[in-house]
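Enquirer: Each residue of the sequence shown is one higher than the last, beginning at 1 in full-length UniProt numbering.
Attaching a single structure in structure tokens format; questions to follow.
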Amino acid sequence: MQTSRIYLWGHSGSVNNEARSIKEPKELECFESKGLTSVSCGALHTSFCFDEKELYMMGHGESGQLGNGLGTSSFEIPVHVKLPISSEGKIISVSCGYRHTIVLTSEGVYGFGGQLGLGYEEDLIPNKALVPRKITFLDPYDVVAVACGSRHTLFLLSNGQILGTGYNAHGQLGLNSRRDYNAPAVIEYLENANIVKVTAGELHSAVLTTCGELYVFGLGRAVGFAEDCLVPTKIDFGTHEIVRDVQCGASHTLVLTKQGDVYSFGAGSHGQLGIGKVCVKPQRPQLIKDLVGKYVTDISAGVRFSIAATADGDVYGWGENVDNVFCVGKENEIQVKPKKISHFDKSKVVGIECGGWHVIAIVKGEKDPKGTDYACFLIAHVKDILNEDPKLSLALGDRRKC
């Protein structure tokens, strides 16, 4: 089995309280012999999970979001985090927010940092948990996925329902309210929607149904509206596109369709929508024409930039080039259209993940000089996803139950 290689660039956290940027993709060689199972980027910290057992964290840790017991230090080299689970326990997924981290395991949900949703227990803790702590309020629920926003968190349950907790000034919890919640509450407006995907940005959230339909809530300008959306609102693309993935940036949103096309909407003042212009007003969903025909397989969004990977293993970036997140062009310049990141011309990128101003790329092997048979790729890609998670079958086009 081919081992994944992990590359990092952009703002990597701080060392001795001084900001540091990595201008070119740098391989994290300390992970060469490990089997990567998941990666998650927060604003300024990152998690790596290996073999469903080992958790490593790096970046800023001033609020305890690294889970290593230190609330003042930051690390530019990944450090191991011990979770209080048994030897039989498995790490299912990890999600990183601004100053908090949530870990979903086979033995429950754990969190460290701030905004943990610990319920009334949180009153006994001085603002933050420096080591992993179980969120016992969630024990009665079968949590299958987690999404951390800047200061809020969503929990997806096996029955398709969603719980939300944390900061809620713009309605990013979808609870028809602007008040904060210190314990998870059910989003009643989505009780019958059968959700299979949750994602969260700085002040907004998005969810995907089994039918490939998209709902958003929170900061209005992040979801293409003049006013905040306090309850989940369905996004109409004006076409018959079926959504396969959705990712939230700080104030913009990216959507990947079944056919490998990418749509963007929300704030576009720094070119992060990739539609060829800077936009003063919030934008409704628009097709990113420069990516049509490239068969995008993965998308991710940062503060004011976006990244996409294609079936050929290429990587494209657009938006504001802070900390050289595009590895091309002038630093801090605005790129209004997707631009290829040439560093990976020979390597095949199979996954990407954006933090606030940094990017993680997962590379497996070299590119096929003959290129990709896209028809075969689409069929194989659908089969791979169905084998990994049968729940996604409807999101990939089977609308018989919708």
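Positions of the beta carbon are idealized from the N, C-alpha and C atoms, including for glycine.
Taking the DSSP output, what are the residues bridged to residue 8?
Expert: Answer is 26 and 360, bridged to residue 8.
Enquirer: Please identify the residue among 99, 92 and 129 whose C-alpha is closest to the C-alpha of residue 107.
Expert: Nearest C-alpha to residue 107: 92.
Enquirer: The beta strand (DSSP E) that contains residue 258, what's its start and end?
Expert: Neither: residue 258 is in no beta strand (DSSP E) and is coded neither H nor E.
Enquirer: CA-CA distance, residue 172 and residue 206?
Expert: Taking the straight line joining both Cα atoms gives about 9 Å.
Enquirer: So, residue 363 versus residue 348, is the Cβ gap smaller than 9 Å?
Expert: It is a contact, given that the beta carbons lie within the stated cut-off.
Enquirer: Which of the three DSSP states, helix, strand or coil, is assigned to residue 98?
Expert: It is coil, neither helix nor strand.
Enquirer: If distances are taken between C-alpha atoms only, which option among 217, 22 and 5 comes closest to residue 321?
Expert: Checking every option, the nearest Cα to that of residue 321 belongs to 22.
Enquirer: Drop a sphere of 10 angstroms on the beta-carbon of residue 80, count the other beta-carbons inside from all chains shown, and report buried for 16 or more, exposed for fewer.
Expert: Exposed: under 16 other Cβ atoms inside 10 Å.
Enquirer: Out of 241, 37 and 59, state which residue places its alpha-carbon closest to the alpha-carbon of residue 51.
Expert: When each option's Cα is compared against that of residue 51, the closest is 37.
Enquirer: Let me check understanding here. Comparing Cα to Cα, which of 158, 299, 264 and 282 lies closest to residue 442?
Expert: This structure gives no information on residue 442, because the portion of the chain shown stretches from 1 to 402.
Enquirer: Residues in its own chain within less than 8 Å of residue 191 by CB, not counting five upstream and five downstream?
Expert: The answer, listed in chain order, is 161.
Enquirer: Suppose only complete runs of 3+ residues qualify. What are the beta strand (DSSP E) ranges in the UniProt repeat "RCC1" (212-259), listed by chain order?
Expert: For the UniProt repeat "RCC1" (212-259), whole beta strand (DSSP E) runs of length 3 or above, ordered along the chain, are 214-218, 229-234, 243-248 and 252-257.
Enquirer: DSSP state of residue 194, grouped into three classes?
Expert: It is coil, neither helix nor strand.
Enquirer: Enumerated in chain order, which unbroken segments of the beta strand (DSSP E) with a length of 3 residues or greater are wholly contained in the UniProt repeat "RCC1" (160-211)?
Expert: The UniProt repeat "RCC1" (160-211) contains these whole beta strand (DSSP E) runs: 162-166, 181-186, 195-200 and 204-209.
Enquirer: Given this structure, state the Cα-to-Cα distance separating residue 277 from residue 142, to the nearest angstrom.
Expert: Computed Cα separation, rounded: 44 Å.
Enquirer: Taking 7 Å as the limit between beta carbons, can you name the residues of its chain near residue 85, skipping five residues before and five after?
Expert: Hits under 7 Å: 105 and 107.
Enquirer: For residue 405, collect the residues of the same chain with a Cβ closer than 8 Å to its Cβ; drop the 5 residues on either side in sequence, then sort them by chain order.
Expert: The requested residue 405 is not part of the displayed model; the chain covers only 1 to 402.
Enquirer: Would you mind stating whether residue 114 and residue 64 have Cβ atoms separated by less than 9 Å?
Expert: Yes, they are a contact pair.
Enquirer: Just grab the DSSP bridge partners of residue 309 for me.
Expert: According to DSSP, which records beta bridges pairwise, residue 309 is partnered with 298 and 315.
Enquirer: Can you say whether residue 346 is buried or exposed, counting buried as having 16 or more other CB atoms within 10 angstroms of its CB?
Expert: Flag for residue 346 reads exposed.
Enquirer: Could you check whether residue 319 and residue 306 sit closer than 9 Å to each other, using their CB atoms as the reference points?
Expert: A contact, by the Cβ cut-off of 9 Å.
Enquirer: Kindly indicate which three-state DSSP category residue 53 falls into: helix, strand or coil?
Expert: Residue 53: coil per DSSP, three-state reduction.
Enquirer: Just the Cα atoms here: how many angstroms apart are residue 11 and residue 35?
Expert: Going from the Cα of residue 11 to the Cα of residue 35 covers about 25 Å.
Enquirer: Just the Cα atoms here: how many angstroms apart are residue 272 and residue 266?
Expert: If I take the Cα positions, the gap works out to 9 Å.
Enquirer: What would DSSP say about residue 3, mapped onto helix, strand or coil?
Expert: Residue 3 falls in the coil class under three-state DSSP.
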